[in-house]
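Trainee: In terms of full-length UniProt numbering, the sequence shown opens at residue 1 and continues consecutively. For every residue, glycine included, the Cβ atom is placed at its ideal position computed from N, Cα and C. Quick caveat, the model's predicted, so the values are computed rather than measured. Have a look at this one.
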Amino acid sequence: MTNIVLLCNEKQQQTIHHFYKDAIIERKAPGVLFAVKLADTAITAYKSGKVMFQGAGAEREAARWGNASSAPVKVATNKGDKLPEDFASLSVIGSDETGTGDYFGPVTVAAVYVPADKIALIKELGVKDSKQLTDDYMRRIAPDLMEVCAHSILTLRNEKYNEIQARGYSQGKIKALLHNQAIKHVLTKIAPETPEYILIDQFAERGIYYNHIKNEKEIVREKVLFSTKAENLHVAVATASILARYAFLKEMDRLSKVTGFPLQKGASGKVDDMAAKIWMKFGEETLRSMTKWHFANTEKARKLLQKRK
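And the structure:
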């Protein structure tokens, strides 16, 4: 499907609106000024000044209003499966996770379906690689994204994480189980519609991933692709990354209420010091309930605690 975006000033948007006044349809999505539905073209105008033309007649209609270019989408070269050249413009379920390297806080996984006709809207709402966004920014945009996209967010709190890790589950296996479950949830939500592809931000080779989940009753295999840095390849994965981070931050907020102060992210020496402080004040069980107990930070915190006693 051809997608063309023009940047128009307010007067130009008013002219476009008047020209298509008989084909205006209602669109209550965030950031949309008006929408037009023609036989072969969908037109959406945004408050930012962008006007998007989609469909077989996109070039014809866009040509009425300015010099438009419909450059082919360039897909970055990444480790993993080879993706179609037009992948960024397709209807995709993306999944990503966060929290696996943090001593405090949960592992969270999110899967999100972004159909082709919502890609521009998702970008309009501010989605890009979550690594380029601040936590505060993601907190602000996540509720809007959840409102407009079918999604599933799974939060594995550390009480449960420690339990299954002690039974021999590796982080890779835990993540694979969560990704498969989140994707299943989204497929159920959008049925009978189906995505053109499913893209998982790759943390394991395909064979290893499926070996992790081989005993699951329902395993999603059809149309599944894997790629590293997948948040750069489709907004569905970028959105999933934001929602996973949002869920992680919410759980960190909950845990911070227990301690009475914000918890340190990551697994640095500052984390060791904070863990020792919590251990001394609240006891081992409280610390265990909010951390990934098998991390090396636990023993480092134990040594710090012994020095302070």
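Going by other Cβ atoms of all chains shown within 10 Å of its Cβ, with 16 needed for buried, is Asn9 buried or exposed?
Mentor: By one-based count along the sequence shown, residue 9 stands at place 9. Classification for Asn9: exposed.
Trainee: What do you get for Asp96, buried or exposed, if any count of 16 or more other CB atoms within 10 angstroms of its CB means buried?
Mentor: The residue labelled residue 96 in the question sits at position 96 within the sequence shown. Per the 10 Å Cβ criterion, buried.
Trainee: Taking a contact to mean a Cβ-Cβ separation below 8 angstroms, would you say Ile198 touches Ile208 in this structure?
Mentor: Residue 198 sits at position 198 when you count from the first residue of the sequence shown. Residue 208 sits at position 208 when you count from the first residue of the sequence shown. For Ile198 and Ile208, no; Cβs fall outside 8 angstroms.
Trainee: From the DSSP output, which residues share a beta bridge with Val127?
Mentor: The residue labelled residue 127 in the question sits at position 127 within the sequence shown. None, per the DSSP bridge assignment.
Trainee: Tell me Ile164's beta-bridge partners as DSSP assigns them.
Mentor: Stepping through the sequence shown from its first residue, residue 164 is reached at position 164. BP columns for Ile164 are empty, so no partner.
Trainee: Just how far apart, CA to CA, sit Ser70 and Lys37?
Mentor: Residue 70 sits at position 70 when you count from the first residue of the sequence shown. Residue 37 sits at position 37 when you count from the first residue of the sequence shown. Reliability of the predicted coordinates at Ser70 is poor, the pLDDT of 39 falling under 50, and no value is obtained from them.
Trainee: At the level of alpha carbons, what is the spacing between His294 and Glu61?
Mentor: The sequence position of residue 294 within the sequence shown is 294, counting from 1. The sequence position of residue 61 within the sequence shown is 61, counting from 1. Taking the straight line from one Cα to the other gives about 60 angstroms.
Trainee: Just the Cα atoms here: how many angstroms apart are His151 and Ala110?
Mentor: If you number the sequence shown from 1, residue 151 lands on position 151. If you number the sequence shown from 1, residue 110 lands on position 110. Near 7 angstroms, if we compare the C-alpha coordinates of Ala110 and His151.
Trainee: What's the call for Ile16, buried or exposed, on a 16-neighbour Cβ count within 10 Å?
Mentor: Residue 16 sits at position 16 when you count from the first residue of the sequence shown. Answer is buried; the Cβ neighbour count reaches 16.
Trainee: Given Gly101, which residues of its chain have a CB within under 8 angstroms of its CB, disregarding the five upstream and five downstream residues?
Mentor: Translated into positions along the sequence shown, residue 101 becomes position 101. The answer, listed in chain order, is Gly266, Ala267.
Trainee: Do Met274 and Arg308 have their CB atoms nearer than 8 angstroms?
Mentor: Numbered from 1 along the sequence shown, position 274 holds the residue referred to as residue 274. Numbered from 1 along the sequence shown, position 308 holds the residue referred to as residue 308. Not a contact, by the Cβ cut-off of 8 angstroms.
Trainee: Under 8 angstroms, do Leu255 and Ala276 count as touching if we go by C-beta distance?
Mentor: For the purposes of this step, residue 255 is taken as the residue at position 255 of the sequence shown. For the purposes of this step, residue 276 is taken as the residue at position 276 of the sequence shown. No, they are not a contact pair.
Trainee: Taking 8 angstroms as the threshold (C-beta atoms), are Lys292 and Tyr161 in contact?
Mentor: By one-based count along the sequence shown, residue 161 stands at place 161. By one-based count along the sequence shown, residue 292 stands at place 292. In this structure, Lys292 lies closer than 8 angstroms to Tyr161 by Cβ.
Trainee: At which residues does the alpha helix (DSSP H) containing Thr108 begin and terminate?
Mentor: What you label residue 108 is simply residue 108 of the sequence shown in a count that begins at 1. From DSSP, Thr108 is part of no alpha helix (DSSP H) but of the beta strand (DSSP E) over 107-114.
Trainee: Cα-Cα, which of Leu154, Ala247, Leu177, Ala238 is closest to Ile122?
Mentor: Reading the sequence shown from its first residue, position 122 is the one you call residue 122. For Ile122, the nearest C-alpha among the options comes from Ala238.
Trainee: Return the first residue and the last residue of the alpha helix (DSSP H) that Thr298 is part of.
Mentor: As a position in the sequence shown, residue 298 is number 298, starting the count at 1. Taken as a continuous stretch (DSSP letters only), the alpha helix (DSSP H) holding Thr298 covers 297-308.
Trainee: Could you check if Tyr20 is buried or exposed, using at least 16 other CB atoms within 10 Å of its CB as the buried criterion?
Mentor: Indexing the sequence shown from 1 puts residue 20 at position 20. Tyr20 is buried by the Cβ-count criterion.
Trainee: Comparing C-alpha positions only, which one of Lys223, Thr298, Ala176 sits nearest to Gly283?
Mentor: As a working mapping, residue 283 is identified with position 283 in the sequence shown. Out of Lys223, Thr298, Ala176, Thr298 has the C-alpha closest to the C-alpha of Gly283.
Trainee: Suppose you measure from the CA of Arg167 to the CA of Met252; what does that come to, to the nearest Å?
Mentor: Numbered from its first residue, the sequence shown carries residue 167 at position 167. Numbered from its first residue, the sequence shown carries residue 252 at position 252. So the two alpha carbons sit approximately 25 angstroms from each other.
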